Structures are given as structure tokens and as C-alpha cells.
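Okay, structure first, notes after.
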Amino acid sequence: MISPKRLAAIPLVRDLGSTTRINVSLDLGLLEAIDAEARERGQTRSAFIASAVRKELQH
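Last residue of the sequence shown? That's 72 in my numbering, and every number before it is there in order.
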């Protein structure tokens, strides 16, 4: 049997070179986990969240 071809759509996310401040609501436990992991990686909270979102958009 021939397996079907898989196509994946990967969104293009352009880095526009500027940042924008946003407000989001997160569970306190999630925020603490984000902060701990960002600290361990030597990143800011914003950099960690941006990296995680980019990875999620590629799935």
C-alpha cells in the first residue's frame, strides 16, 4: 500500500525588529514555571515566551 503524502503548512513569522508591550493573564503557577525556566536559560521572561510561541507556531 502506498502511504499518503503529508503536507505541512508552516507559518511565516517575520521579525520586524521592534517589540510591542502586551498584557496577558496566566495562572500564577504557570508564570512561576516560565520565570524559573527563563532564569535557568539566562533569558528574560519575554524572550522565553517569544521562543516558546515561535516553536508552537511551527507545529
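Glycine residues also receive a C-beta, built at the ideal position from the N, C-alpha and C atoms. Only a predicted model underlies this, so the values are computations on that prediction, with no experimental measurement involved.
Do valine 37 and arginine 67 come within 8 Å of each other at the CB atom, strictly closer than that value?
Cβ atoms of arginine 67 and valine 37: not closer than 8 Å.
Spatial neighbours of arginine 58 within its chain, please: C-beta separation below 7 Å, excluding the five flanking residues on both sides.
The beta carbon of arginine 58 lies closer than 7 Å to those of Ile47, Asp48, Ala51 in the same chain, with the five residues before and after it left out.
Enumerate in chain order the residues of its own chain whose CB-to-CB distance from glutamine 56 is below 7 Å, with the five nearest sequence positions on each side excluded.
Here the set comprises nothing.
Close-in-space but distant-in-sequence residues of the same chain around threonine 32 (CB under 8 Å, 5 per side omitted)
Taking C-beta separations shorter than 8 Å and ignoring five residues to either side along the sequence, the partners of threonine 32 in its chain run Ser59, following chain order.
So, helix, strand or coil for arginine 52, using DSSP?
Here arginine 52 sits in helix by DSSP.
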